[in-house]
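Trainee: Residue numbers (the numbering used here), protein chains in the order written: chain A, 1 to 114; chain B, 1 to 114.
Below, the structure written as structure tokens:
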């Protein structure tokens, strides 16, 4: 068990809508990364937040945005949802924002876009 | 662009058989290498990692992996698998110069029969 919790567990939205996913990081961790995992694929890096600032971004359009709060919890926001956004969204926290850091993953939010 | 290839989509073994899961990456610079595992109903968790030193690294539950720089490979091995090793295994690479993002392979599902 990790101390990373994500909410909600499942979500169904329609095309064009907006969604907010939430993540509470493990105690003592100041870095949160978000990944998208499509069916049959490995997780794909969306972005990372370190001490409330974006610290790296993958190949995702600007309609994917995030926030990190002073308590290091985080949100992932997706605007103008598309069918291809249907996936499992994983949050991972780490002690530091270094390149060889161990990630602690949550159980994910399963998003379905109809 | 960096990429990670895992050669086997699904591996089926009997208990006590030896395991080797292949992982190759495409990136010419310095890398950190990881294997993550997801047991049924659980979160993704770190199995082992390499970032410098001895290219043969040992992880939890008797797993090991060998980094062969000339082959751009980081294969996972276990001499004798157990039923409890049934899980999905992901190889991941971090290109240090590109920041903290992990690039994951598509994963290998390992099924061990007792």
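The beta-carbon is built from N, C-alpha and C at its ideal position, and this holds for glycine as well.
Values in this document were obtained by computation on a predicted structure and should not be read as measured data.
Drop a sphere of 10 angstroms on the beta-carbon of residue 54 of chain B, count the other beta-carbons inside from all chains shown, and report buried for 16 or more, exposed for fewer.
Mentor: Here residue 54 of chain B refers to the residue found at position 54 when the second chain is read from its first residue. Classification of residue 54 of chain B: exposed, given that the 10 Å Cβ count is below 16.
Trainee: Within this structure, are the beta carbons of residue 73 of chain B and residue 23 of chain B separated by less than 8 Å?
Mentor: By 1-based counting over the second chain, the position of residue 73 of chain B is 73. By 1-based counting over the second chain, the position of residue 23 of chain B is 23. Yes; because the gap between Cβ atoms is below 8 Å, this pair is in contact.
Trainee: Quick check: is the beta carbon of residue 60 of chain A nearer than 8 Å to any beta carbon in chain B?
Mentor: Taking the first chain and counting its residues from 1, the one referred to as residue 60 of chain A is at position 60. Residue 60 of chain A does not count as touching chain B.
Trainee: Please report the distance separating the alpha-carbon of residue 115 of chain A from that of residue 105 of chain B.
Mentor: The structure shown has nothing for residue 115 of chain A, since chain A only spans 1 to 114.
Trainee: Pick out whichever of B/113, B/112, B/114, B/108 has its Cα sitting closest to the Cα of residue 37 of chain B.
Mentor: Residue mapping note: residue 37 of chain B aligns to position 37 of the second chain, counting from 1. The candidate whose alpha carbon is nearest that of residue 37 of chain B is B/108.
Trainee: Please report the residue range of the beta strand (DSSP E) in which residue 33 of chain B lies.
Mentor: Against the second chain, residue 33 of chain B aligns to sequence position 33. 31 to 38 is the span of the beta strand (DSSP E), which, as asked, contains residue 33 of chain B.
Trainee: By how many angstroms is the C-alpha of residue 31 of chain B removed from the C-alpha of residue 7 of chain A?
Mentor: Here residue 7 of chain A refers to the residue found at position 7 when the first chain is read from its first residue. Here residue 31 of chain B refers to the residue found at position 31 when the second chain is read from its first residue. Approximately 33 Å between the Cα atoms of the pair.
Trainee: With residue 37 of chain A as the anchor, note down where its beta strand (DSSP E) starts and where it stops.
Mentor: Your numbering for residue 37 of chain A matches position 37 in the first chain. Segment 31 to 37, the beta strand (DSSP E) holding residue 37 of chain A.
Trainee: Alpha carbon to alpha carbon, how far is residue 112 of chain A from residue 42 of chain B? Give it in angstroms, no decimals.
Mentor: If you number the second chain from 1, residue 42 of chain B lands on position 42. If you number the first chain from 1, residue 112 of chain A lands on position 112. The alpha-carbon atoms of residue 42 of chain B and residue 112 of chain A are separated by roughly 21 Å.
Trainee: If you reduce the DSSP assignment to three classes, tell me which class residue 62 of chain B lands in.
Mentor: The residue labelled residue 62 of chain B in the question sits at position 62 within the second chain. Residue 62 of chain B falls in the helix class under three-state DSSP.
Trainee: Against chain B, which members of the region 60 to 90 of chain A pass a CB distance test of less than 9 Å?
Mentor: Hits within the stretch, in order: 90.
Trainee: According to DSSP, is residue 102 of chain A part of a helix, a strand, or is it coil?
Mentor: Here residue 102 of chain A corresponds to residue number 102 of the first chain, with the count starting at 1. If DSSP states are grouped into helix, strand and coil, residue 102 of chain A belongs with coil.
Trainee: Find the residues of chain B that neighbour residue 107 of chain A, judging by a C-beta separation of less than 7 Å, and give them in chain order.
Mentor: On the first chain, residue 107 of chain A is found 107 positions in, with the first residue counted as 1. 43, listed in chain order.
Trainee: For the region 42 to 61 of chain A and the region 87 to 105 of chain A, state whether three or more C-beta atom pairs, one from each stretch, are separated by less than 8 Å.
Mentor: The answer is yes - the region 87 to 105 of chain A touches the region 42 to 61 of chain A, with three or more Cβ pairs under 8 Å.
Trainee: List, in chain order, every chain A residue whose beta-carbon is nearer than 8 Å to that of residue 94 of chain B.
Mentor: Counting from one through the second chain, the residue named residue 94 of chain B turns up at place 94. Under the 8 Å cutoff, chain A gives 99, 100.
Trainee: Check each candidate in B/85, B/100, B/9, B/12 and name the one with the smallest Cα separation from residue 63 of chain B.
Mentor: Here residue 63 of chain B corresponds to residue number 63 of the second chain, with the count starting at 1. Cα-wise, what sits closest to residue 63 of chain B is B/85.
Trainee: Starting from residue 12 of chain B, follow its DSSP beta bridges and name the residues at the other end.
Mentor: What you label residue 12 of chain B is simply residue 12 of the second chain in a count that begins at 1. Bridge partners of residue 12 of chain B: B/111.
Trainee: So which of A/4, A/5, A/12, A/3 has the shortest CA-CA distance to residue 83 of chain A?
Mentor: Reading the first chain from its first residue, position 83 is the one you call residue 83 of chain A. That would be A/12, whose Cα lies nearest to the Cα of residue 83 of chain A.
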